[in-house]
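> Here it is, the structure in full.
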Amino acid sequence: MLQTDELIVGNSAASKDLKKLIDVVAPSSTTVLILGETGVGKELVARSIHNSSNRTGELISVNCAAIPSELLESELFGHEKGAFTGADKNRKGRFEMADGGTLFLDEIGDMPLSLQSKLLRALEDRTIQRVGGGKDINVDFRLVCATHQNIPSKVDNGSFRADLYYRINVFPIQVPTLAERAVDIPQIVERILSQMGKYDDIIPPEISESGYSELGRYTWPGNVRELRNVIERAVVLFAGKSISGTQVKENLLRLKVPDREEEMNAIWDAADDLSGISLGGIGDPEDAPLPHPSHYRDWFSYFDTIDLRRHLRDIEVVLIEASLEKSDGMVSQAAAALKLRRTTLIEKMKKLMIEKPVAQSSALENID
Ligand SMILES: Nc1ncnc2c1ncn2[C@@H]1O[C@H](COP(=O)(O)OP(=O)(O)OP(=O)(O)O)[C@@H](O)[C@H]1O
């Protein structure tokens with residue numbers, strides 16, 4: 001059975017953290033909730049958890065969004081002969097099939113409310129009843145769920161039971177987006193090409209350095225699944241050829257690649273306009289820690305407002321301080337790391353009252 005390292009390709013910090021979490025939780029029987037955008041590899045994570053557990057049974061997967069709700073109950077819990085029209089024999093459901101193994105409920109956010117209470121009971125008592133059967137059946141299953149949806153907001157609007165959410169949210173694992181681990185792209189591409197080579201006689205194309213850098217700049221809304229599609233297209237269009245950056249951009253990616261530099265300049269320009277804002281918030285115990293950019297998408301599900309200008313400024317301060325620390329107080333190096341001109345960084349340091357690390361120099365006037 002393939003283990004985590006073989007299944008999940010990538011050595012980025014985000015991928016390493018993910019694999020560590022999987023290896024920590026896999027041997028226990030804890031319920032796991034896998035969170036992440038579409039195509040990030042949630043099913044792969046579920047498989048890794050099962051393969052690295054000591055459970056001898058099978059991994060049984062159910063996609064709650066793909067099965068019509070009127071069929072989902074008998075699919076999960078099984079049925080007795082005569083339970084409904086067409087039930088001509090007794091049939092085990094997926095819970096029973098997962099006995100001794102792992103039950104993976106994908107797209108749990110789409111589970112109909114009527115079934116949520118039955119699932120909760122199964123989780124609490126570790127027993128189920130088939131549709132049309134009155135007998136309790138003991139089942140020894142480990143539950144792993146996944147969703148790309150924001151379940152807390154479904155709890156708020158009444159379409160997901162709060163008690164079930166607490167039951168399944170015992171050990172959440174957030175799977176990073178492909179954009180968050182863009183450095184893994186070359187390795188993942190290699191894996192995809194070798195998998196394709198097993199089934200088809202392909203002449204793989206060669207992706208040039210500029211080609212890889214375009215792939216690295218793209219935002220990947222469809223994550224690894226989209227990368228797989230792009231590589232399949234590349235194999236058809238560029239079999240045995242080298243693919244340039246322009247070809248990646250113009251022939252393979254579906255959207256215009258945003259110009260990062262342009263974007264960054266716009267952000268810095270916007271930040272430059274924010275003069276006279278108090279920095280008193282930094283280190284203020286009332287401040288939440290800085291969330292990852294993708295987490296802002298859910299911000300307004302939890303809070304009514306955000307002080308955007310102060311927040312951008314806080315991020316600026318943290319990054320400038322970190323780069324100065326990394327470069328031992330060398331402003332030119334820090335500016336290069338931040339892709340700023342040295343004079344711009346000095347300006348910003350003055351405006352934001354940032355000093356070089358104390359050990360190197362205590363005075364801002366002595367900037368290299
Ligand atoms: N780290 C990775 N290394 C190699 N292949 C990966 C990786 N992550 C995802 N994949 C591949 O990407 C594709 C999508 O993965 P998967 O189906 O697990 O995503 P998902 O998050 O479950 O998607 P959805 O939410 O749409 O169900 C699969 O072909 C999977 O093998």
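Following UniProt numbering, the numbering of the sequence shown begins with 1 at its first residue and continues without gaps. Note that beta-carbon positions come from the ideal geometry of N, C-alpha and C, so glycine has one too. In this text, all values refer to a predicted model and were calculated from it rather than measured experimentally.
(1) Would a C-beta distance cut-off of 9 Å place A46 and V32 closer than the cut-off?
(2) Flag H50 as yes when its Cβ comes closer than 8 Å to any non-hydrogen atom of ligand 3, and as no otherwise.
(3) Would you say V45 touches ligand 1, meaning its beta carbon is less than 8 Å from a heavy atom?
(4) Determine whether the beta carbon atoms of R126 and H79 lie at a separation below 9 Å.
(5) Where do the ends of the beta strand (DSSP E) carrying L252 lie?
(6) Using C-beta distances below 6 Å, list every residue in its chain close to I203, excluding the 5 sequence neighbours before and after it, in chain order.
(7) With DSSP run on the structure shown, which of helix, strand or coil describes F171?
(8) Using the rule of at least 16 other Cβ atoms within 10 Å of the residue's Cβ for burial, across every protein chain shown, is S275 buried or exposed?
(9) Does chain C have any CB closer than 9 Å to the CB of A146?
(10) Pull up the distance between the alpha-carbon of P289 and that of K42, whole angstroms please.
(11) Under 9 Å, do S210 and S244 count as touching if we go by C-beta distance?
(12) Can V183 be considered in contact with ligand 1, in the sense that its beta carbon sits closer than 8 Å to one or more heavy atoms?
(13) Quick one: what does DSSP say S332 is sitting in, helix, strand or coil?
(14) Which of helix, strand or coil does DSSP assign to T305?
(15) Per the contact definition of three or more C-beta pairs closer than 8 Å, is the region 106 to 120 in contact with the region 132 to 151?
(16) Examine ligand 1 and report whether any of its heavy atoms sits within less than 8 Å of the Cβ of E107.
(17) Based on the DSSP secondary-structure assignment, which residues constitute the bridge partners of T56?
(18) Would DSSP call R341 helix, strand or coil?
(19) Can you tell me the Cα-Cα spacing of L215 and V224, whole angstroms?
(20) What's the gap between the Cα of K350 and the Cα of V317?
(21) Starting from the Cα of Y212, find the closest Cα among G222, T344, I128, A234 and give me that residue.
(22) Do F77 and A122 have their C-beta atoms within less than 9 Å of each other?
(23) Grab the span of the alpha helix (DSSP H) containing F77 for me, first residue to last.
(24) Rounded to whole angstroms, what is the Cα-Cα separation between K89 and I8?
(25) L105 bridges to which residues according to DSSP?
(26) Out of I207, K92, K198, state which residue places its alpha-carbon closest to the alpha-carbon of P186.
(27) Tell me the rounded alpha-carbon separation between E73 and K92.
(28) Is it right to say D314 is buried, meaning 16 or more other beta carbons lie within 10 angstroms of its own, or is it exposed?
(29) For R189, list the residues DSSP reports as bridge partners.
(30) Rounded to a whole number of angstroms, what is the C-alpha to C-alpha distance between I151 and L308?
(31) Pull up the distance between the alpha-carbon of G86 and that of L71, whole angstroms please.
(32) Along the chain, where does the beta strand (DSSP E) containing V32 start, and where does it finish?
(33) Quick check on the burial criterion: 16 or more other C-beta atoms within 10 angstroms. Buried or exposed for S194?
(34) Around the Cβ of F141, are there at least 16 other Cβ atoms within 10 angstroms (buried) or fewer (exposed)?
Per the coordinate set shown:
(1) yes
(2) In the structure shown, ligand 3 is absent; the only ligands present are ligand 1.
(3) yes
(4) no
(5) L252 -> no beta strand (DSSP E), and no H or E assigned at all.
(6) A239, G240
(7) strand
(8) Here the model assigns S275 a pLDDT of 46, short of 50, so the residue's position is not dependable, and the following value carries that caveat. By the neighbour-count rule (16 or more Cβ atoms within 10 Å), S275 is not buried but exposed.
(9) In the displayed structure, chain C is absent; only one protein chain is listed.
(10) Note that P289 has pLDDT 45, beneath the 50 cutoff, so the model's placement of it is unreliable and no number is given.
(11) yes
(12) no
(13) helix
(14) coil
(15) yes
(16) yes
(17) DSSP output for T56 lists no bridge partner at all.
(18) coil
(19) 12 Å
(20) 11 Å
(21) A234
(22) yes
(23) 69 to 77
(24) 41 Å
(25) V62, C145
(26) I207
(27) 12 Å
(28) buried
(29) The question names Arg, but residue 189 in the sequence shown is Val. Beta-bridge pairing links V189 to no other residue.
(30) 25 Å
(31) 12 Å
(32) 32 to 35
(33) exposed
(34) buried
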